[in-house]
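Trainee: Numbering (our numbering), first residue to last: -10 to 524. Note that CB positions come from ideal geometry on N, CA and C, so glycine has one too. What follows is a structure written as structure tokens; I'll ask about it next.
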């Protein structure tokens, strides 16, 4: 009987030790396995720290979605149940242990403590502690950054406080390997980036924590990266030739018409912008190419001119109905127009250096003055019923014309024109009149209504004055009216910008300006209308 039991025992041991029934060895699997973390992508984010550093920079409170894949080659006969996978953080320890799914994948959603984590994904055979293969990923889970556009002209950055004891500074990055600022106070958690930049482009921002830990000397302890647009603007797929403000409504009117007659667009006409909602409210007269626009002082009508068309379009601004006035320019049409009181219009004949007309809007009758005004800009002053006309030729003259008799008036010749050390000089053609009609701005000068010089600016050409004369603006800055101290510097509005933009204050705190761009690559021109606030 003992011999029988001994035989059975030997048989069982022999069968159990048969190498043909064993699974693959660790070495066999190691030679035929590849393991990789596929989510998040290891180069998901780009930091400008250390002259460029790809990585994963996350918000600490966000759940982390991790995914890894296991690839096996050869006929090893290994199933997901034969494998154990582990997710491990060098800070938080083991996050998960279990089998991969039927596709040899492992997914994990988990939270992490604050810190710079090295996450490992490890693979083992069941009941065997020897590592088959692993992959790692570094996740920066340090601080949270938020970026908020402010007033249509700068970006405000706010971030959470770093909680380590090795703090040296916060480095503020924006789209460049050189930090905008280094902040050494651990409790300073806000930074306003107010310097000029591209207001229409998405720009990435990041805060990097600099520490005294020598192990992190070459690491990037970065916040999440936030990409935002600073500007508050409307995008217009047309060239905006000119924009004017309605004197009684919260509206702006802009001419959509290519700069060159040879250039065509699918629409022309006038776009109407509601400044309260900052939306395009309407687009009218889309088949007409206008050269200039003017609104009468009482805000009831808008007048529009065209080149090579003997016709002035009159638009009722209460309902946008329109009709016209037949004109007499020998088919030339008009280049500029200004609307005054008493149904009088003032217009330069296009392509004729001398002809300047005063037109009765009710019946089309006109008188003509031959004075070469067409190279300048004019503005009607309803407070004193005079027309101010700034020549852009070398005479350097600003005219004050009788609104009912354009052949009479006075003029001011600026002292530096036409003499100039290197030749003939030309004045800047823009004429600006304050809302109350008391201040005239032309070239570098401010004048009273009688053309007496009040003050001269240094290479500053005023384009706008706020309603109560608290601020004035050129194309680049807003100034305090009294001291000429810079209040704000406008952001960079982009490349290929044309110089002739319009700027309007709709109140003491809000500015609108249009910018038109020519890509110079054959593609159509386009425009933006920006809204900005001082405070």
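Could you spell out where the alpha helix (DSSP H) holding residue 18 opens and where it closes?
Mentor: 15 to 19 is the extent of the alpha helix (DSSP H) around residue 18.
Trainee: If you reduce the DSSP assignment to three classes, tell me which class residue 525 lands in.
Mentor: The structure shown does not extend to residue 525, since the chain is modelled only from -10 through 524, so no value can be given for it.
Trainee: What does the Cβ neighbour count give for residue 444, buried or exposed, with the cut at 16 atoms within 10 Å?
Mentor: That one is exposed.
Trainee: Buried or exposed: which applies to residue 239, given that a residue is buried once 16 or more other Cβ atoms fall within 10 Å of its Cβ?
Mentor: Counting Cβ neighbours within 10 Å, residue 239 comes out exposed, since fewer than 16 surround it.
Trainee: How many angstroms separate the CA atom of residue 177 from the CA atom of residue 131?
Mentor: Cα to Cα, residue 177 sits roughly 16 Å from residue 131.
Trainee: When you compare the segment 218 to 236 with the segment 491 to 510, are there three or more beta-carbon pairs, one atom per stretch, that lie closer than 8 Å?
Mentor: Touching, yes.
Trainee: Helix, strand or coil for residue 335, going by three-state DSSP, please let me know.
Mentor: Residue 335 falls in the strand class under three-state DSSP.
Trainee: Between which two residues does the beta strand (DSSP E) harbouring residue 148 extend?
Mentor: 143 to 148 is the extent of the beta strand (DSSP E) around residue 148.
Trainee: Hey, how far is the Cα of residue 347 from the Cα of residue 463?
Mentor: Between residue 347 and residue 463, the C-alpha separation is close to 30 Å.
Trainee: Less than 8 Å between the beta carbons of residue 183 and residue 143, yes or no?
Mentor: Yes, the pair counts as a contact, with Cβ atoms nearer than the cut-off.
Trainee: Taking only three categories from DSSP, how would you classify residue 292?
Mentor: Strand at residue 292.
Trainee: Does the separation of the CB atoms of residue 427 and residue 438 fall below 8 Å?
Mentor: It is a contact, given that the beta carbons lie within the stated cut-off.
Trainee: Is there contact here, the segment 276 to 293 with the segment 242 to 259, by at least three beta-carbon pairs under 8 Å?
Mentor: Yes: at least three Cβ pairs fall under 8 Å.
Trainee: Does the beta-carbon distance from residue 197 to residue 162 come in below 8 Å?
Mentor: Taking 8 Å as the Cβ cut-off, residue 197 and residue 162 qualify as a contacting pair.
Trainee: Using a Cβ-Cβ cutoff of less than 8 Å, which residues in the same chain neighbour residue 207 once the five nearest sequence positions on both sides are dropped?
Mentor: Once the five neighbours on either side are set aside, the close Cβ partners of residue 207 are 39.
Trainee: Taking all protein chains shown into account, do 16 or more other C-beta atoms lie within 10 angstroms of the C-beta of residue 456, making it buried, or fewer, making it exposed?
Mentor: When all chains shown are included, residue 456 counts as exposed.
Trainee: Please check the pair residue 175 and residue 45, which I expect to be a contact at CB under 8 Å, by giving their CB distance rounded to whole angstroms.
Mentor: At roughly 24 Å, the Cβ-Cβ gap does not stay under 8 Å, so residue 175 and residue 45 are not in contact.
Trainee: Given a cut-off of 8 Å, decide if residue 519 and residue 221 are closer than it, judged by their beta-carbon atoms.
Mentor: The answer is yes: Cβ separation under 8 Å.
Trainee: Using the rule of at least 16 other Cβ atoms within 10 Å of the residue's Cβ for burial, across every protein chain shown, is residue 514 buried or exposed?
Mentor: Buried, since its Cβ has 16 or more Cβ neighbours within 10 Å.
Trainee: Among the residues of its own chain, which have a CB less than 7 Å from the CB of residue 236, if the five just before and after it don't count?
Mentor: Around residue 236: 284, 286, 288.
Trainee: On the DSSP bridge assignment, give the partners of residue 435 in chain order.
Mentor: Its beta-bridge partners are 430, 444.
Trainee: Looking at the strands, I want to know which residues DSSP matches up with residue 106.
Mentor: The partner list for residue 106 (beta bridge, DSSP) reads 128.
Trainee: Buried or exposed: which applies to residue 195, given that a residue is buried once 16 or more other Cβ atoms fall within 10 Å of its Cβ?
Mentor: It counts as buried.
Trainee: Hey, out of 120, 31, 141, whose CA is closest to residue 480's CA?
Mentor: Measuring from the Cα of residue 480, the nearest candidate turns out to be 141.
Trainee: Inspect the beta-carbon positions of residue 113 and residue 72 and report whether they are closer than 8 Å.
Mentor: Yes, the Cβ-Cβ distance between residue 113 and residue 72 is below 8 Å.
Trainee: Just the C-alpha distance for residue 267 and residue 223, rounded to the nearest angstrom, thanks.
Mentor: Answer to the nearest angstrom: the Cα atoms are 8 Å apart.
Trainee: Between residue 57 and the rest of its own chain, which residues show a CB-CB distance below 6 Å, the 5 nearest in sequence each way excluded?
Mentor: Contacts found: 26, 95, 110.
Trainee: What is the residue span of the beta strand (DSSP E) that residue 87 lies within?
Mentor: Here the beta strand (DSSP E) through residue 87 covers 82 to 87.
Trainee: Which of the three DSSP states is assigned to residue 40 in this structure?
Mentor: DSSP places residue 40 in helix when its eight states are reduced to three.
Trainee: What three-state label does DSSP hand residue 203 in the structure shown?
Mentor: If DSSP states are grouped into helix, strand and coil, residue 203 belongs with the helices.
Trainee: Given 8 Å as the limit, is there contact between the segment 84 to 93 and the segment 49 to 68, that is, 3 or more CB pairs closer than that?
Mentor: Yes, the segment 84 to 93 touches the segment 49 to 68.
Trainee: Report yes if the CB atom of residue 315 is closer than 8 Å to the CB atom of residue 326, and no otherwise.
Mentor: In this structure, residue 326 does not lie closer than 8 Å to residue 315 by Cβ.
Trainee: Are the CB atoms of residue 390 and residue 375 within a distance shorter than 8 Å?
Mentor: The answer is yes: Cβ separation under 8 Å.
Trainee: Just checking my contact of residue 329 with residue 299 at CB under 8 Å: how many whole Å lie between their CB atoms?
Mentor: With 8 Å as the limit, residue 329 and residue 299 do not qualify as a contact, their Cβ atoms being about 21 Å apart.
Trainee: With a cut-off of 8 Å on the beta carbons, I'd call residue 303 and residue 350 a contact; round off their distance for me.
Mentor: With 8 Å as the limit, residue 303 and residue 350 qualify as a contact, their Cβ atoms being about 7 Å apart.
Trainee: Comparing alpha-carbon positions, which option in 247, 248, 310 lies nearest residue 273?
Mentor: Closest by alpha carbon: 310.
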